[in-house]
Amino acid sequence: VQLQAFGGGLVQAGGSLRLSCAAYGGMLAINNMGWYRQAPGKQRELVALIDSAKSTNYADSVKGRFIISRDNAKNTVNLQMNNLKLEDTAVYYCYADRNFKHLPDLWGQGTQVTVSS
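In my numbering, the protein residues as written are 337 to 453.
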């Protein structure tokens, strides 16, 4: 089972980007899906999480600017990022955990988001 992330890139401050991620292969049993990010010299941090009932949780730093959504039938998760700031620059990682504890959490390959002034 893998997560494949799409999107990212270079954008000016105040602009928008959309990240997408799909889970595929094998026994998915996806529970929560979300996005983490890691800026240079910093620890990886949670950006947004959405459960199978589509309840959401956001980092305070992105509330009101980012919107997470998912399609349970397609096992995809999206992150719409608006009003991007310089401090949003990071590598963004798609994440998913599973319905069964013996199944490992999943991480995507990471996609770079760079916000320029």
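All C-beta atoms in this analysis are idealised placements derived from N, C-alpha and C, irrespective of residue type, glycine included.
Predicted model only: the values in this text are computed from it and were never measured.
Item to check | Residue range of the beta strand (DSSP E) that includes Arg380 | outcome: Sequence index remark: in the sequence shown, residue 380 carries index 44 (1-based). Looking at the DSSP string, Arg380 is not in any beta strand (DSSP E), and its letter there is neither H nor E.
Next on the checklist: To the nearest angstrom, how far is the alpha carbon of Ala409 from that of Val427?
Outcome noted: Locating residue 409 in the sequence shown gives position 73, where the first residue counts as 1. Locating residue 427 in the sequence shown gives position 91, where the first residue counts as 1. Within the model, the alpha-carbon separation for Ala409 versus Val427 is close to 27 angstroms.
Checklist entry - Any idea which residues DSSP pairs Gly343 with across the strands? => result As a first step, residue 343 must be located in the sequence shown, where it is residue number 7. DSSP, once it has assigned bridges, lists Leu355 as partnering Gly343.
Checklist entry - When DSSP builds the beta bridges, which residues end up paired with Gln374? => result The residue labelled residue 374 in the question sits at position 38 within the sequence shown. Partner(s): Val427.
Checklist entry - Since Phe436 is in the beta strand (DSSP E), which residue starts that stretch and which ends it? => result Counting from 1 along the sequence shown, the entry for residue 436 is found at position 100. Looking at the DSSP string, Phe436 is not in any beta strand (DSSP E), and its letter there is neither H nor E.
Checklist entry - Would the beta-carbon of Val337 fall within 8 angstroms of that of Gly377? => result The residue you call residue 337 lines up with position 1 of the sequence shown. The residue you call residue 377 lines up with position 41 of the sequence shown. Going by C-beta atoms, Val337 is not nearer than 8 angstroms to Gly377.
Checklist entry - What three-state label does DSSP hand Leu420 in the structure shown? => result Within the sequence shown, the letter at position 84 stands for residue 420. In this structure, Leu420 counts as coil in the three-state DSSP scheme.
Next on the checklist: Just to confirm my understanding: we take Arg401, look at its own chain, exclude 5 residues before and 5 after, and list those with CB closer than 6 angstroms. What are they?
Outcome noted: In the sequence shown, counting from the first residue as 1, residue 401 sits at position 65. Excluding positions up to five away in sequence, the list reads Asn418, Asn419.
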